[in-house]
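The number in our numbering is simply the position in the sequence shown, starting from 1, with 45 added. Below you'll find the structure, written out as structure tokens, and then a few comments.
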Amino acid sequence: MCLASRALFVFGVFILMLPCVSYGQTDEATRAHAENKQMLWSQPAKAIEREKELLRDSIGASARVEGYQVIAVGYSLLNKWDSATYYHHRAALLADQVGDARLSAVSHHNLALLNLYFEDTLSALLEFEKARPYMIQQGPSKSRADFLRGLLLTYPPDSVDARIRYAKLALLDYSTQQDSAGMVQCYSHISQDYQLISIDSSIFYAKLGREIGRLTTNCDFERLSLDLANAYLGQKRTNEAILVLREAVQTTNEESFCPVTGELYKKLSDLYEKEGDFKNAFLYSSLYYELVELNKVKDEWSDTSKLSFDSLRIALIDQARSHHMAIVRYLELSHKADREAEQFQSTRMLNFVIIVACIVLLITLVYLYI
């Protein structure tokens, strides 16, 4: 999973997994805590400071665990990972001491996601196992589906059966909760994993997820379009892959930034370049380059986007030059053929005149002789 995808998944589940408010002290404290959680996305630094002020008051241990979680998530959003790790560990340690199964499971789940973000899958798996009993026994729910989806990411790419099994279990829970965004994510996981063992199944699940993605606003349609295109490419169906990608590009909302849009542009540029269509390759490479510059994207392509852009521009110029030279050569050959045809016609006329003259001369000589 690329860095951007991991960030979106982890941040989203961090927020969703924050337990319900249980301060049990005063209505004012409860309300302040709820406001801090709502403030995390827009003003994480302010939410952290407000939550720290609440922690200075004499509040219960369970409420303190929740406070640590809010602060940890806030630091994650600010990319202050050392502080985020510290508070996630404090939340998990205190939750275990309190003996609250729910808080303990949530805290270890969040720690697992943090480890998963840094691709420490072994540590993530250990934390998931600590959260497993409570998460599994609570029955179909969004939190259990989030847990299962996180758990499947701890398995290596070649553990296809395990990854698909957990993705399908999570899909059932998301379906029960009518969570379209979660369902699309599961379809994406399943489609990607099936590419290793069954391209037809990969295409089937990508199409299902893609139709649901049309109804959401989280770049889901674009993401599943990319999965479907990759599946088509697995069967050498390049033209169909290009059509799918172009449809996804056309539906992208130009007024908001979708992280997947850059991947669509890059994929289209690469495909057109392989097909020798440097005009379209240059078009989508330039769109990607503009997207990088506009949004200051820093990913695995941003450092090379300018080089790719320039190389395609050179290729396009070379192709145009080749076409120009071909046209010039064609015109030269055409003029040469015309000249040769004219010369041939002139030669035929001259030969005809000579033959007629010879015949007339011969007739004249015969007449004089007689």
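Idealized CB from N, CA, C, for every residue including glycine.
**Asked** Looking at the structure shown, is isoleucine 242 part of a helix, part of a strand, or coil, going by DSSP?
**Response** Counting from 1 along the sequence shown, the entry for residue 242 is found at position 197. DSSP places isoleucine 242 in coil when its eight states are reduced to three.
- Message: Please state whether the Cβ-Cβ distance between threonine 199 and phenylalanine 163 is less than 8 Å.
- Response: What you label residue 199 is simply residue 154 of the sequence shown in a count that begins at 1. What you label residue 163 is simply residue 118 of the sequence shown in a count that begins at 1. It is not a contact, given that the beta carbons lie outside the stated cut-off.
**Report entry** Contacts around tyrosine 239, its chain only, beta-carbon distance under 6 Å, and the 5 residues preceding and following it disregarded
**Finding:** Counting from 1 along the sequence shown, the entry for residue 239 is found at position 194. Ser246, Ser247, listed in sequence order.
Problem - Pick from His234, Gly112, Leu395, Asp206 that is closest to glutamate 98, judged by C-alpha positions - result: Position 53 of the sequence shown holds residue 98. With distances taken between Cα atoms, glutamate 98 lies closest to Gly112.
**Q.** Collapsed DSSP secondary structure at cysteine 231 in the structure displayed
**A.** Residue 231 sits at position 186 when you count from the first residue of the sequence shown. Under the three-state reduction of DSSP output, cysteine 231 falls in the helix class.
Exercise for review: Take the Cβ of leucine 123 as the centre, count every other Cβ of all protein chains shown within 10 Å, and call the residue buried at 16 or more, exposed below.
Suggested key: Here residue 123 corresponds to residue number 78 of the sequence shown, with the count starting at 1. Leucine 123 should be labelled exposed.
| query | Straight-line CA distance for alanine 150 to alanine 169? | reply | Against the sequence shown, residue 150 aligns to sequence position 105. Against the sequence shown, residue 169 aligns to sequence position 124. Within the model, the alpha-carbon separation for alanine 150 versus alanine 169 is close to 13 Å.
(message) Mapping the DSSP letters down to three states, classify glycine 321 as helix, strand or coil.
(response) Working through the sequence shown from its first residue, we reach residue 321 at position 276. Glycine 321 falls in the coil class under three-state DSSP.
query = Is aspartate 203 helix, strand or coil by DSSP?
reply = The residue you call residue 203 lines up with position 158 of the sequence shown. Coil, per DSSP.
* 7 Å Cβ shell around threonine 130 - same chain, five flanking residues per side excluded -> For this step, residue 130 is matched to residue 85 along the sequence shown. These residues qualify, in order along the chain: Leu159.
Own chain, CB closer than 6 Å to leucine 193, minus 5 neighbours either side, in chain order: Residue 193 sits at position 148 when you count from the first residue of the sequence shown. Counting only Cβ-Cβ distances below 6 Å, and skipping sequence neighbours, we find Tyr211, Leu214, Ala215.
Point to revise | Nonlocal neighbours in the same chain, by C-beta distance under 6 Å from glycine 258, ignoring five residues either side | key: For the purposes of this step, residue 258 is taken as the residue at position 213 of the sequence shown. Excluding residues within five positions, the ones whose Cβ falls inside 6 Å are Val229, Asp265, Phe266, Leu269.
inquiry  = With distance defined between alpha-carbon atoms, name the residue in Thr166, Ser152, Ala207 nearest to methionine 180.
reply    = Translated into positions along the sequence shown, residue 180 becomes position 135. Nearest Cα to methionine 180 within the set Thr166, Ser152, Ala207: Ser152.
* Use the C-beta contact count for alanine 293: other C-beta atoms within 10 angstroms, 16 or more gives buried, fewer gives exposed. => Residue 293 sits at position 248 when you count from the first residue of the sequence shown. Classification for alanine 293: buried.
Checklist entry - Ends of the alpha helix (DSSP H) at isoleucine 93? => result As a position in the sequence shown, residue 93 is number 48, starting the count at 1. For isoleucine 93, the enclosing alpha helix (DSSP H) stretches over residues 89-101.
Between which two residues does the alpha helix (DSSP H) carrying arginine 189 extend?
-> If you number the sequence shown from 1, residue 189 lands on position 144. 187-197 is the span of the alpha helix (DSSP H), which, as asked, contains arginine 189.
Going by DSSP, what residue range makes up the alpha helix (DSSP H) through glutamine 182? One-based indexing of the sequence shown puts residue 182 at position 137. Glutamine 182 -> alpha helix (DSSP H) spans 166-182.
**Item:** Pair within 8 Å by beta-carbon distance, valine 110 and leucine 148
**Value:** For this step, residue 110 is matched to residue 65 along the sequence shown. For this step, residue 148 is matched to residue 103 along the sequence shown. Taking 8 Å as the cut-off, the Cβ atoms of valine 110 and leucine 148 count as close.
(message) For alanine 402 and tyrosine 414, I'd like the C-alpha separation in whole angstroms.
(response) Here residue 402 refers to the residue found at position 357 when the sequence shown is read from its first residue. Here residue 414 refers to the residue found at position 369 when the sequence shown is read from its first residue. Roughly 18 Å separates the two Cα atoms.
Three-state secondary structure (DSSP) of cysteine 403 | Here residue 403 corresponds to residue number 358 of the sequence shown, with the count starting at 1. In this structure, cysteine 403 counts as helix in the three-state DSSP scheme.
Open item on the list: Please report the straight-line C-alpha distance between histidine 369 and phenylalanine 323, rounded to a whole angstrom.
Closed with: The residue labelled residue 369 in the question sits at position 324 within the sequence shown. The residue labelled residue 323 in the question sits at position 278 within the sequence shown. Bear in mind that a pLDDT of 49 at histidine 369, under 50, signals an unreliable position, so the model cannot answer this.
Practice prompt. For the alpha helix (DSSP H) containing phenylalanine 266, list its first residue and its last residue.
Written response: Within the sequence shown, numbered from 1, the residue matching residue 266 stands at position 221. Here the alpha helix (DSSP H) through phenylalanine 266 covers 265-279.
Collapsed DSSP secondary structure at cysteine 259 in the structure displayed | On the sequence shown, position 214 is the one that residue 259 refers to. The sequence as given places arginine at residue 259; cysteine does not occur at that position. Three-state DSSP puts arginine 259 in coil, outside helix and strand.
Rounded to the nearest angstrom, what separates glutamate 385 and serine 391 at their Cα positions? Here the question's residue 385 lines up with position 340 in the sequence shown. Here the question's residue 391 lines up with position 346 in the sequence shown. Their Cα atoms are separated by approximately 10 Å.
With a floor of 4 residues, list each alpha helix (DSSP H) that falls wholly inside the segment 100-144, ordered by position along the chain. For the segment 100-144, whole alpha helix (DSSP H) runs of length 4 or above, ordered along the chain, are 106-122, 126-143.
In the DSSP assignment, find the unbroken alpha helix (DSSP H) run with glutamine 222 in it and report its ends. Translated into the one-based positions of the sequence shown, residue 222 becomes position 177. Per DSSP, glutamine 222 belongs to no alpha helix (DSSP H) and is neither H nor E.
Distance between beta carbons of aspartate 218 and arginine 189, contact taken as under 8 Å
As a working note, residue 189 is residue 144 in the sequence shown. As a working note, residue 218 is residue 173 in the sequence shown. 5 Å between Cβ atoms; contact.
For this session: Measure the alpha-carbon distance for histidine 78 versus arginine 135 and round it to whole angstroms.
Result: Translated into positions along the sequence shown, residue 78 becomes position 33. Translated into positions along the sequence shown, residue 135 becomes position 90. The alpha-carbon of histidine 78 is positioned some 18 Å away from that of arginine 135.
Per-residue DSSP class, three states only, for leucine 85: Locating residue 85 in the sequence shown gives position 40, counting from the first residue. Reduced to three states, the DSSP call for leucine 85 is coil.
Exercise for review: With a 10 Å radius around its C-beta and 16 neighbouring C-beta atoms as the bar for buried, classify valine 398 as buried or exposed.
Suggested key: Against the sequence shown, residue 398 aligns to sequence position 353. Answer is exposed; the Cβ neighbour count stays below 16.
Mark threonine 306 as exposed unless 16 or more other C-beta atoms lie within 10 angstroms of its C-beta, in which case mark it buried. Stepping through the sequence shown from its first residue, residue 306 is reached at position 261. So threonine 306 counts as buried.
Rounding to the nearest angstrom, what Cα-Cα distance links leucine 328 and leucine 309 in this structure? The residue given as residue 328 occupies position 283 in the sequence shown. The residue given as residue 309 occupies position 264 in the sequence shown. Here the alpha carbon of leucine 328 sits roughly 13 Å from the alpha carbon of leucine 309.
Going by other Cβ atoms of all chains shown within 10 Å of its Cβ, with 16 needed for buried, is alanine 251 buried or exposed? Here residue 251 is taken as the residue at index 206 of the sequence shown, counted from 1. Classification of alanine 251: buried, given that the 10 Å Cβ count is 16 or more.
Quick check: the Cα distance between glycine 184 and leucine 197, rounded to an integer number of angstroms? Working through the sequence shown from its first residue, we reach residue 184 at position 139. Working through the sequence shown from its first residue, we reach residue 197 at position 152. Put simply, the backbone Cα of glycine 184 is about 18 Å away from that of leucine 197.
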